[in-house]
Amino acid sequence: MIIMAAVLFGPGQSFGWVDGAPTEATDTRRFAALVRRIFSTSAALSTTDAAAAARRGTPEWREFEQAVQEGLDICRNYVERKLTEVEAQLAAGEPTTGIIAEMLQNGEDVSREEIVRIVADLFLAAGDTTAHSTSWALYQLGRDGALQRRLAAAVRRAVPAGSPTISSEQLERVPLVRAVVKETLRLYPVAPFLTRLIQSDTVIGGYHVPAGTPLCVSLFSSSRDSRYFPAPLQFLPERWLRPDGRGAGAAGCPAHGQHGALAGSAHTESGLRHRHACMPFAGGVRGCIGKRVAELQMQLLLARLVHQFQLGTENRRPAQFVMRMVGVMSDELQLTLRPRDD
Ligand code: HEM
């Protein structure tokens, strides 16, 4: 959320943190708790007639409405402050930073309340999705010492020891960290199902689908399909690396089929590799707009952690992927960090 606050409000805006550290009373924590309530109540409402629940004012609906209202109030507070600041900067001819400043200058038709709702929407979409995905990556790294050592060595080749930060250029030179993130999102897509209403008559996989049909696409199933991903249930980030060790690009093969144990089984029946077998951020006009922010945030965090620490997990039983509106870990991640001594 701190990163999202910087993107939206400009650097230095802390969304309730004190001197860069969270405190119990911060808005960050309050907002994160509200997001959880919004997700859990939405999950309950999504299995019932939500419109009827709203009319009757059921307890689930009231809890949902209250969480949304409180979340919007927190955002309104920050947005109002930022808008006042930007207006003063603009009046004084000073430079401005952040997406909110851009919306104010370029979006003549965007009202203040709409900006509040856009900001709330972005925080909702950004926070838990990235946090849950990062937890899975840490969990897998914590369980696999050999992978962790390979990653630490790759990061150390790109980033001098003792360096307090990692630049995006340095990160570019560590394809394995991108591969770890891709593999995490393949096995644990936080939004495992996409729902759409078909706009016009169409044919999908040989089936005629009339306009108006509700469609549910399981990203979870396709990214665990052995036709596209050999050993689909294993966490194998190297499957995303090209034979020369470079990372797969945006159009890269989800499982190139040439790499070690995975050789030969990466292609669809047509002999072509399937670019859409793994789509954790969906695609097209309603695809995730935060893909780059999320990927970068995860890559940076993992690279910085393994650069300095040995990660371990104290979870006693294997964690399962379970649905709580979004896909989450069944157990709380119990992560240990020790200064790296290798
Ligand atoms: C690992 C992290 C993330 C994952 C896996 C993820 C995944 C997705 C997916 C699958 C969708 C499409 C949902 C659908 O079509 O039904 C989506 C939409 C969206 N995401 Fe993300 N997301 C992540 C992080 C973020 C971040 C960091 C932001 C904000 C910066 C964000 C903002 C959005 C927004 C605004 C939409 C709605 C786009 C629209 O409907 O036009 N997401 N995300």
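Using the working numbering, the first residue of the sequence shown is number -8, and each one after it goes up by one. We put the CB at the ideal spot given by N, CA and C, even for glycine. Just so it is clear, the structure is predicted and the values come from calculations on it, not from any experiment.
In or out: Y130 buried (at least 16 other Cβ within 10 Å) or exposed? buried
Say yes only if the C-beta of V70 is nearer than 7 Å to one or more non-hydrogen atoms of the ligand HEM, and no if none qualify. no
Return the first residue and the last residue of the beta strand (DSSP E) that C207 is part of. P205 to S209
What residues in its chain sit with their C-beta under 6 Å from that of R177, if we drop five residues either side in the sequence? S214 and C269
In this structure, how does DSSP classify M320 when only helix, strand and coil are distinguished? strand
Please report the distance separating the alpha-carbon of M289 from that of R53. 35 Å
Rounded distance between the beta-carbons of I91 and L74, thought under 8 Å: Taking a contact as a CB-CB distance under 8 Å, the pair L74 and I91 counts as one, their CB atoms being some 7 Å apart.
If we ignore side chains and look at the alpha-carbon of each, how far apart do E78 and D112 end up? 23 Å
Taking the alpha carbon of T121 as the point to measure from, which residue in Y179, E163 and S158 has its own alpha carbon closest? Y179
Quick check: is any heavy atom of the ligand HEM less than 7 Å from the C-beta of G62? Flag unset: Cβ of G62 not near the ligand HEM.
Three-way DSSP call (helix, strand, coil) for P155 in this model: Assigned with DSSP and collapsed to three states, P155 falls in coil, not helix or strand.
Is S321 near the ligand HEM, with its Cβ less than 7 Å from a heavy atom? no
Would you say A294 and L162 are within 8 Å of each other, going by their C-beta atoms? Yes, Cβ-Cβ distance for A294 and L162 is below 8 Å.
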